[in-house]
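Structure first, commentary second.
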Amino acid sequence: MPRIAYVNGRYVNHGEAGVHIEDRGYQFADGVYEVCEVRHGVIVDLTRHLDRLDRSLSEIRINPPMTRAALTHVIREVLRRNRVRNGLFYLQVTRGAARRDHVFPAAGTPSTLVVTAKSTSPEVIAAKNVSGIKAITLPDNRWERVDIKTVGLLPNVLARQQAKEAGAQEAIYIDRDGMVTEGAATNVWIVDKEGNLVTRPADPGILRGITRTTLMGVADKLGVSIVERRFSREEMLEAREVFITAATSICFPVVEIDGRTIANGHPGDVSRSIRQTFFDIAEKTAI
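According to my numbering, the residues represented by the sequence shown are 300 to 586, in order.
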């Protein structure tokens, strides 16, 4: 069955989908995006993802391409047409197509909306949770507004490639003070020596992850103490547990960083408990 994409009002074959050569997403990375997990036929935390989309659009002054109700219908339709029960959808909104100029195009220029979806393998994710993943650390060289989920991801791309070349699956950014910010595509958590679950405050230095937000409620249900504070690379390397969170993976344990084994080199109990409880707390929207 061919994949189907939604592009500016039309459902088209994925392989034939396209936007104008002067779309500002292509020319300037002038756009924002969201990625949302689908599990067992339901969309996970859709409301929070669309709330963050609205915030991102507002921060860079792009008008929403349609009402939330209409966008939700499009998302569901793309998922249905692609028969996705376990996987994700990706949506991207740009400032639209216009003659190339750094300033905004004329008022009334329609934004560009693209929605795609694909199935993923729960078995592959489960295998990573059993064995854990490896990470490297890199200096954080991104722009200061990483709290906006823009499509300008070149530093993240280069970081992930460097991780791959090092035999790792994620790159963790370190700021100028030696403190952990976040992963190239994830939020970072540690379990400190006192047993607290620690993550960096959601200031403009990191993206306020949707999974991160839901995980707060999961930890509360489990009776795990959460502390939002900065922590150093050295503290991370000495932690009882390290794990990363994202919409497409929920909670991956990190068992090695920069070639150094974390704790006993195996996934920890806190990340396992969070993963097992996460979907009891998360919002579930039927397709």
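Cβ atoms here follow ideal geometry from the backbone N, Cα and C, with glycine treated the same way.
Keep in mind that this is a model prediction, so the values were computed, not measured.
If you look at E481, you'll find it isn't in any alpha helix (DSSP H); it sits in the beta strand (DSSP E) that goes V479 to G482. By the Cβ rule, the region 400-407 does not count as touching the region 336-356, because fewer than three pairs are nearer than 8 Å.
The shortest CA-to-CA distance from V490 to any of A518, V423, Q461 and D474 is the one to A518. For R574, the uninterrupted alpha helix (DSSP H) run begins and ends at D568 to I580, by DSSP.
When the five nearest sequence neighbours on each side are left out, the beta carbons in the same chain lying within less than 6 Å of the beta carbon of A416 are those of V377, L378, N381, V383 and F388, in order along the chain. With contacts defined as CB atoms closer than 7 Å, R574 and C550 qualify as a contacting pair. Bridge pairing for I432: V553 [DSSP]. Runs of beta strand (DSSP E) with 3 or more residues, each lying fully within the region 476-519, are found at 479-482, 486-490 and 496-498, listed in chain order. Per the C-alpha coordinates, the member of P566, A501 and G340 positioned closest to I374 is G340. Between E540 and S570, the gap from beta carbon to beta carbon is short of 7 Å. In the DSSP annotation of this structure, the continuous segment of the beta strand (DSSP E) that includes K583 starts and ends at K583 to A585. The bridge partners DSSP lists for E469 are A434.
Residue state for N312 is assigned as strand, using DSSP reduced to three classes. Leaving aside the five residues that flank P503 on each side, the residues in its chain whose CB is nearer than 8 Å to its CB run, in chain order, E443, R444, V445 and D446.
DSSP places F403 outside any beta strand (DSSP E), giving it a letter other than H or E.
In the pairwise beta carbon analysis, the region 423-431 is classified as not touching the region 303-320: fewer than three pairs are separated by under 8 Å. In the displayed model, D350 falls within a helix according to three-state DSSP. Assignment of I561 by DSSP, reduced to helix, strand and coil, places it in the coil class.
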